[in-house]
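Each remark here refers to the structure printed beneath this line.
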Amino acid sequence: MTFEETLAKLESLTNDIKRTDISLEDALKDFEEGIKLAKSLESALDKIEGKIQILTNQPVKAEKNPAGTEIPPQMDLFSAADAENGTAGAPVQGLRQ
């Protein structure tokens, strides 16, 4: 089952539990299944987050254009960093950085 299918099933179970005509036994079964699905979704999200962390922490290599000169990386997060300490300086008063 895909992530989206699992999420849809969990949403369906949630809606079923909210019904007023559901028996306590059926609600408990739906709840147990929902907990299992939620744990599997959490695990899947943890794996995805790990992959994202790996991808975003890999160094970006400069590419070369057809003329043979280097093209700088498009996502330069640290261009404003101080060469001495690697920070962008103190935050501006009242702003989060």
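Every letter in the sequence shown is one number past the one before it in our numbering, and letter 45, counting from 1, is 101.
Every residue gets a Cβ at the ideal spot worked out from N, C-alpha and C, and that includes glycine.
C-alpha distance - residue i paired with residue j, whole-angstrom precision
i	j	result
residue 78	residue 60	25 Å
residue 66	residue 103	19 Å
residue 114	residue 100	22 Å
residue 71	residue 105	28 Å
residue 58	residue 80	29 Å
residue 177	residue 124	What is shown of the chain runs 57 to 153, which leaves residue 177 out entirely.
residue 75	residue 109	40 Å
CB of residue i within 8 Å of CB of residue j, strictly
i	j	result
residue 83	residue 73	yes
residue 86	residue 111	no
Alpha helix (DSSP H) segment containing residue i, residue limits
i	result
residue 114	Premise fails: residue 114 is in no alpha helix (DSSP H) and is neither H nor E.
residue 72	59-74
Residues near residue i by beta carbon distance below 7 Å, same chain, minus five either side
i	result
residue 90	66, 69 and 70
residue 62	93, 96 and 97
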